[in-house]
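Numbering (the working numbering), first residue to last: 64 to 308.
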């Protein structure tokens, strides 16, 4: 019998399948979160050795690429995780005794509602298995939602004019500032005081660290709510630990 991993802790047995009808699905969630942690550590190394006399545009660009990479791949982990759950629902349900009704509804959701927003996919899964929903006003939902907003701002970036009047409160810079200022413990030391929060001061190791930890906290609570082990076992998560600030 051969076990094919669908996560770090859940396996599906395909020993009954013939070579003619064997199906294999590939999981990318682990690669995404590992990349996010790797990029975050690289940004930490740049900041840890940095002082103002070392500043260069090359160093700034390299550091920023690590931070942006960490943020984007941290959200990629969340996206891959929930998509893998819906894709592998039959194998998961057989090993965890989910009802046929739950399995069927999960399959229907994956077939008919793939256009759901990322965070709504998680909510839909919780609804199907009749689990308690996330508290949208508390952690880890708040950080996950803010992380996705930051990722979207990077991917769909639109330059904006920043004034000093009433319109300032409606700028993306100020909206992200309000969402993230209490979540990011350290701002980018390579930016000057008075620089815009986004996309300058927020994009540092503190933000990358928060992105990785927020994605892990959200996925861990999700798996706990639906009664499954995390798709990353404890040893794997320990390997993702990042330097403290």
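Glycine included, each C-beta is placed from N, C-alpha and C at the ideal position.
Contact annotation, residue 129 with residue 91: C-beta distance approximately 20 Å; criterion of less than 8 Å not satisfied. Burial state of residue 273 is buried, judged by a 10 Å Cβ sphere holding 16 or more other Cβ atoms. Counted as a single uninterrupted DSSP element, the alpha helix (DSSP H) harbouring residue 142 occupies residues 120-150.
Less than 8 Å divides the Cβ of residue 107 from the Cβ of residue 268.
Taking residue 203 as reference, the option from 181, 225, 285, 132 with the minimal CA-CA separation is 285.
The continuous alpha helix (DSSP H) containing residue 185 extends over residues 181-191. Going by DSSP, residue 304 is part of no alpha helix (DSSP H) at all; its letter is neither H nor E. Per DSSP, reduced to three states, the secondary structure at residue 153 is helical. At a Cβ-Cβ threshold of 8 Å, residue 295 and residue 155 do not count as neighbours. Residue 216 is positioned such that its CB atom lies closer than 8 Å to that of residue 235. Taking all protein chains shown into account, residue 110 has 16 or more neighbouring C-beta atoms within 10 Å of its C-beta and is therefore buried.
For the pair residue 246 and residue 209, the CB atoms are nearer than the 8 Å cut-off. For residue 214, the secondary structure class from DSSP, reduced to helix, strand or coil, is helix. In the three-state scheme derived from DSSP, where H, G and I count as helix and E and B as strand, residue 270 is classed as helix. Rounded to the nearest angstrom, the Cβ distance from residue 280 to residue 206 is 7 Å, consistent with a contact under 8 Å. In the three-state reduction of the DSSP assignment, residue 162 falls in the coil class. Per DSSP, residue 260 lies in no alpha helix (DSSP H) segment and is marked neither H nor E. Rounded to the nearest angstrom, the gap between the Cα atoms of residue 97 and residue 278 is 12 Å.
By the C-beta criterion, the region 167-187 is judged to be in contact with the region 145-153, since at least 3 inter-stretch pairs fall below 8 Å.
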